[in-house]
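Number of protein chains: 2
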Amino acid sequence: MNYYTISQLAEQFDISTRTIRYYEERGLISPIRTESGQRLYTKKDRAVLKLILRGKRFGFSLEEIHEMISLFDNDRTGRKQLEKTIAYGEQKLKEVTERIEDLMQLKQEMESILSDFRERLQKLEGTK
Amino acid sequence: MNYYTISQLAEQFDISTRTIRYYEERGLISPIRTESGQRLYTKKDRAVLKLILRGKRFGFSLEEIHEMISLFDNDRTGRKQLEKTIAYGEQKLKEVTERIEDLMQLKQEMESILSDFRERLQKLEGTK
DNA sequence: ATTGACTTTTACGTAAACGTAAATTAAAAT
DNA sequence: ATTTTAATTTACGTTTACGTAAAAGTCAAT
Chain A
1 MNYYTISQLA EQFDISTRTI RYYEERGLIS PIRTESGQRL YTKKDRAVLK
51 LILRGKRFGF SLEEIHEMIS LFDNDRTGRK QLEKTIAYGE QKLKEVTERI
101 EDLMQLKQEM ESILSDFRER LQKLEGTK
Chain B
1 MNYYTISQLA EQFDISTRTI RYYEERGLIS PIRTESGQRL YTKKDRAVLK
51 LILRGKRFGF SLEEIHEMIS LFDNDRTGRK QLEKTIAYGE QKLKEVTERI
101 EDLMQLKQEM ESILSDFRER LQKLEGTK
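Going down the list, the sequences are from chains A and B.
Note that full-length UniProt numbering has the first sequence beginning at 1, numbered continuously upward.
Note that full-length UniProt numbering has the second sequence beginning at 1, numbered continuously upward.
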């Protein structure tokens, strides 16, 4: 298993190193360190970063993303903990589903507006 | 046709009046005024506000939303303008489609993680 | 007519999510 | 060995999207 440096990840995702360090400040990602203190990122860290960026694109706050990440990498073994995690996950799943439906409606509207514009353009072309 | 006051809209959408005035500051919404200067919102204004809030839920910035709104209420008649508007709309439509696909993938992943957790819970229940 | 609820503008404050710069140290390249 | 490039921490700055408060005018109800 080999590692990524911070600038490699920054380049891959087209974000700044500051941004990556900021996510670490906020507890979202935890790279290991070399003896001299340099950060090294595993594939898993990379995957987490990808998750963070995806969450951001959907308008989730870093705090929300933080919670969702704990859902993913969490080793909760207790029954109570498991139930809590499942309940939280179900709620988030519901939110995601709602967003999808919402977005699909938006898509519909945009398509109808677009076809309206296209029609107008057709008419203009006709009278040229 | 009758009007809404700012606090009526604020209540309907569960946002502050400050927020609505801020959207106006940014040029996203333009209510008419009474002689004394009070803002009055039409149904159309209400629809625009709804659009803004939806855009926000999807993580669009007010600036992006502004652009998308001009797409909706815009009376562009020139051929060049129409073509530009259509091109912009198609691009946004593509973005929305990508987001939907992205979200559906996220949904899949969450579902699989959840079923994994549920399985674990089952096993725990079994050994009780 | 006056109280109370609502609205307006102006303006300063704030949290989130970084940007940017400085000083220092380490790694990579020549 | 020494330049160049990349990394680290610290810390102050900035933008977006509002919150909050003050001062003053207005509308609605009693």
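Note that CB positions come from ideal geometry on N, CA and C, so glycine has one too.
(message) Rounded to the nearest angstrom, what separates residue 206/B and residue 57/A at their Cα positions?
(response) What is shown of chain B runs 1 to 128, which leaves residue 206/B out entirely.
(request) Compare the C-beta of residue 27/A with all C-beta atoms of chain B and state if any pair is closer than 8 angstroms. (result) no
(request) Alpha carbon to alpha carbon, how far is residue 66/B from residue 26/B? Give it in angstroms, no decimals. (result) 8 angstroms
(request) Report the rounded CA-to-CA distance for residue 80/A versus residue 93/B, giving the unit in angstroms. (result) 44 angstroms
(request) Thinking residue 100/A and residue 117/B are a contact (beta carbons under 8 angstroms), I'd like their distance in whole angstroms, please. (result) Actually they do not touch by this definition, with Cβ atoms about 22 angstroms apart.
(message) Give me, in chain order, the residues of the same chain whose beta-carbon lies closer than 6 angstroms to that of residue 6/A; leave out the 5 immediate sequence neighbours on both sides.
(response) 17, 20 and 39
(message) Please tell me whether residue 23/A and residue 29/A are closer than 8 angstroms, where the distance is taken between their beta carbons.
(response) yes
(request) Label residue 14/A either buried or exposed according to how many other C-beta atoms from any shown protein chain fall within 10 Å of its C-beta, with 16 as the threshold for buried. (result) exposed
(message) Cutting at 7 angstroms between CB atoms, please list the residues of its own chain near residue 9/A, excluding the five before and the five after it.
(response) 20, 41, 46 and 49
(message) For residue 126/B, report the span of its alpha helix (DSSP H) as first-last.
(response) 79–126
(message) Which residues in chain B have a C-beta closer than 8 angstroms to the C-beta of residue 107/A? List them in chain order.
(response) 93, 96, 97 and 100
(message) Just checking: is the beta-carbon of residue 120/B within a distance shorter than 8 angstroms of some beta-carbon in chain A?
(response) yes
(request) Could you name the residues of the segment 78–93 of chain A whose beta carbon sits closer than 9 angstroms to any beta carbon of chain B, in the order they occur along the chain? (result) 78, 79, 82, 83, 85, 86, 89, 90, 92 and 93
(message) Applying the 10 Å Cβ sphere with the 16-neighbour rule, what's the burial state of residue 78/B?
(response) exposed
(message) Are the CB atoms of residue 120/B and residue 82/A within a distance shorter than 8 angstroms?
(response) yes
(request) Taking residue 89/B and residue 113/A to be in contact with their CB atoms under 8 angstroms, please state how far apart those CB atoms are, rounded to whole angstroms. (result) 7 angstroms
(message) Using only the alpha-carbon positions, how far apart do residue 115/B and residue 69/A sit?
(response) 16 angstroms
(message) On a Cα-Cα basis, can you pick out the residue from 91/B, 96/B and 84/B that is closest to residue 108/A?
(response) 96/B
(message) Below 8 angstroms on C-beta distance, what does residue 103/B contact in chain A?
(response) 58, 96, 99, 100 and 103
(message) Counting only Cβ-Cβ distances shorter than 8 angstroms, please list the residues of the UniProt domain "HTH merR-type" (3–71) of chain A near chain B, keeping chain order.
(response) 54, 56, 57, 58, 59, 60 and 71
(message) By the three-class DSSP mapping on this structure, what secondary structure does residue 53/A have?
(response) helix
(message) Quick check: the Cα distance between residue 104/B and residue 124/A, rounded to an integer number of angstroms?
(response) 39 angstroms
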